[in-house]
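Participant:
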Amino acid sequence: MQIILKNPLDMHLHLRDKDMLKAVAELSSKSFSAAIIMPNLLPPITTIEDVISYKKRVDEASKNTSFKPLMTLFFKNNYDFEFLKSAKEHIFAIKLYPAGITTNSQDGVNSIDSESLKDTLEAMSELEIPLCVHGESEGFVMDREKEFVPIYENLATNFPKLKIIMEHITTKDSADILDKYPNLYATITLHHLLITLDDVAGGMLKPHLFCKPIAKRYEDREALLNLALNAHPKVMFGSDSAPHPQDAKESCGCAAGVFTAPIALQVLVELFEKHSKLDNLQKFISDNAQKIYNFEPISKSVTLEKKPFIVPDAYGEVIPMYAGEKLKWSISSIS
Ligand code: DOR
Ligand code: ZN
């Protein structure tokens, strides 16, 4: 049994820089047509020169002309119209992080209110630059995304021409507001379709499943599955694959991030097959994102076969999700 996925897209990916970039880039560039590359380096990507030189390093590391890195800027509320106008041809979107909410986000925004972000968001609306958002408040960790919902609603209402992507949604509350605002969209990760907080901390602590936003309740996972498996047209796949060295994960201050890039397609096929929804995977993995962002990716066909794939214990110094376990599907060819 085989399935062919056309032009897979990862609409939320961390590739890092230097040795880590060299170690992980190909694991996405081989099997994906394009990916949105997140800008949370240290220091973050905030200038046009940063974007251009980071893209060059990504291109070199991905060793693949049939992979397009879709570059982003790290949101700052002093970006003005002229700057954004010049940046537009080099970027695909801008990523907004609340300050300190996750890995390398200390230079993010302290207060997300429409008034203080008005000039930048109006310029982005006019220039049609999408806004990708890490939507978490500073509250209790399980409530952070729920508490961010009014902020999403406020932004969507005050900037109706701005395309707003709720990144890596993890709750039913986020799923519920998607259809209320025409300019709200969402990405969903692989891991949030699979795990709940029980998998992370219900038994022995699993540092390689620790991420931000933290995995939530069963009813939340159900709401995400419902969106993804039915290929809701405002929802796209964004792995949030976030590599950290093993010693940064297995330490007394565990870094947030799940590394899924090398297993994403195989596990998505297994998941959609299990729910008898294989026919919807093409939309979730590519077609929806093309429509939402209005772009045409480089053509790539990935054939997966129902043949076991043993996930390597490690990729260099990074431990992937399902390390050492047997998956039902493997990638048999890419053209
Ligand atoms: O778990 C996460 N890891 N969530 C994020 O938002 C950032 C990411 C990272 O960069 O490691
Ligand atoms: Zn991320």
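Position in the sequence shown counted from 1, then plus 283, gives you the working numbering. Even glycine gets a Cβ: it sits at the ideal position worked out from N, Cα and C. Just so you know, these numbers come straight off a predicted model, no measurement behind them.
#1: Suppose only complete runs of 3+ residues qualify. What are the beta strand (DSSP E) ranges in the stretch 471–558, listed by chain order?
#2: Which same chain residues end up closer than 7 angstroms to L356 when comparing Cβ atoms and leaving out the 5 residues on each side of it in sequence?
#3: In whole angstroms, what is the alpha-carbon distance linking N577 and T472?
#4: Determine the direct distance from the alpha carbon of K611 to that of K589, and round the result to whole angstroms.
#5: Just mark C535 as buried or exposed, buried being the case when its beta carbon has 16 or more other beta carbons within 10 Å.
#6: Near K346, which residues of its chain fall below 8 angstroms by C-beta distance, leaving aside the five closest residues on each side in sequence?
#7: Nearest by alpha-carbon distance to C494: which of F542, A511 and R500 is it?
#8: Quick check: the stretch 464–471 against the stretch 507–521, are at least 3 beta-carbon pairs closer than 8 angstroms?
#9: DSSP three-state call for V585: helix, strand or coil?
#10: If you draw a straight line from the C-alpha of A306 to the C-alpha of Y598, how long is it?
#11: So what's F350 in DSSP terms, helix, strand or just coil?
#12: Between F364 and L379, which are expected to be in contact by the criterion C-beta below 8 angstroms, what is the C-beta distance as a whole number of angstroms?
#13: Can you tell which of K446, A544 and L551 has its C-alpha closest to the C-alpha of L410?
#14: Indicate whether L288 and I575 have their beta-carbon atoms separated by less than 8 angstroms.
#15: Which residues bound the alpha helix (DSSP H) around D333?
#16: Measure from the alpha carbon of S394 to the alpha carbon of each residue in S420, F366 and M407, then state which is nearest.
#17: Considering only the beta carbon of each residue, do E653 and P496 sit closer than 8 angstroms?
#18: Could you check whether H474 and M604 sit closer than 8 angstroms to each other, using their CB atoms as the reference points?
#19: Let me know if G391 comes out buried or exposed under the rule of 16 or more other beta-carbons within 10 Å of its beta-carbon.
#20: Per DSSP, T355 forms a beta bridge with which residues?
#21: Return the residue from the list I412, A506, N509 and R299 that minimises the CA-CA distance to H527.
#22: Let me check understanding here. Comparing Cα to Cα, which of T403, C415, V585 and A538 lies closest to I320?
#23: Looking only at its own chain, which residues have a Cβ that is under 7 angstroms from the Cβ of E579, when we skip the five neighbours before and after it?
#24: Given F609, which residues of its chain have a CB within under 6 angstroms of its CB, disregarding the five upstream and five downstream residues?
#25: State yes or no: is the C-beta of D523 nearer than 7 angstroms to some heavy atom of the ligand ZN?
Facilitator: The short version:
#1: 518–520
#2: In the sequence shown, the residue the question calls residue 356 occupies position 73. P322, I328, T329, V334, A370, I374 and I377, listed in sequence order.
#3: Numbered from 1 along the sequence shown, position 294 holds the residue referred to as residue 577. Numbered from 1 along the sequence shown, position 189 holds the residue referred to as residue 472. Each residue's alpha carbon lies about 21 angstroms from the other.
#4: As a working mapping, residue 589 is identified with position 306 in the sequence shown. As a working mapping, residue 611 is identified with position 328 in the sequence shown. Taking the straight line joining both Cα atoms gives about 6 angstroms.
#5: As a working mapping, residue 535 is identified with position 252 in the sequence shown. When all chains shown are included, C535 counts as exposed.
#6: Taking the sequence shown and counting its residues from 1, the one referred to as residue 346 is at position 63. Within the same chain, Cβ atoms closer than 8 angstroms to the Cβ of K346 are found at A308, E309 and S312, the five residues on either side in sequence being excluded.
#7: In the sequence shown, counting from the first residue as 1, residue 494 sits at position 211. Measuring from the Cα of C494, the nearest candidate turns out to be F542.
#8: yes
#9: Taking the sequence shown and counting its residues from 1, one reaches residue 585 at position 302. Reduced to three states, the DSSP call for V585 is strand.
#10: The sequence position of residue 306 within the sequence shown is 23, counting from 1. The sequence position of residue 598 within the sequence shown is 315, counting from 1. Approximately 8 angstroms, taken between the alpha carbons.
#11: Residue mapping note: residue 350 aligns to position 67 of the sequence shown, counting from 1. Coil, per DSSP.
#12: Mapped onto the sequence shown, residue 364 falls at position 81. Mapped onto the sequence shown, residue 379 falls at position 96. That pair is no contact at about 18 angstroms.
#13: Here residue 410 refers to the residue found at position 127 of the sequence shown. Nearest of K446, A544 and L551 to L410, Cα basis: K446.
#14: Reading the sequence shown from its first residue, position 5 is the one you call residue 288. Reading the sequence shown from its first residue, position 292 is the one you call residue 575. Cβ atoms of L288 and I575: not closer than 8 angstroms.
#15: As a position in the sequence shown, residue 333 is number 50, starting the count at 1. D333 -> alpha helix (DSSP H) spans I331 to S345.
#16: Working through the sequence shown from its first residue, we reach residue 394 at position 111. When each option's Cα is compared against that of S394, the closest is S420.
#17: With the chain covering 284 to 618 only, the question about residue 653 has no answer from this structure.
#18: Position 321 of the sequence shown holds residue 604. Position 191 of the sequence shown holds residue 474. Yes, the pair counts as a contact, with Cβ atoms nearer than the cut-off.
#19: Walking along the sequence shown from the start, residue 391 turns up at place 108. Buried, since its Cβ has 16 or more Cβ neighbours within 10 Å.
#20: Stepping through the sequence shown from its first residue, residue 355 is reached at position 72. Per DSSP, A376.
#21: Indexing the sequence shown from 1 puts residue 527 at position 244. If we check each option's Cα against that of H527, R299 comes out closest.
#22: Stepping through the sequence shown from its first residue, residue 320 is reached at position 37. Ranking T403, C415, V585 and A538 by Cα distance to I320 puts C415 first.
#23: Numbered from its first residue, the sequence shown carries residue 579 at position 296. Taken in chain order, the residues that qualify are Q573.
#24: Numbered from 1 along the sequence shown, position 326 holds the residue referred to as residue 609. Sequence check: residue 609 is Lys here, not Phe. So the list reads P591 and I593, once near-sequence residues are dropped.
#25: Locating residue 523 in the sequence shown gives position 240, counting from the first residue. Correct: D523 has its Cβ closer than 7 angstroms to the ligand ZN.
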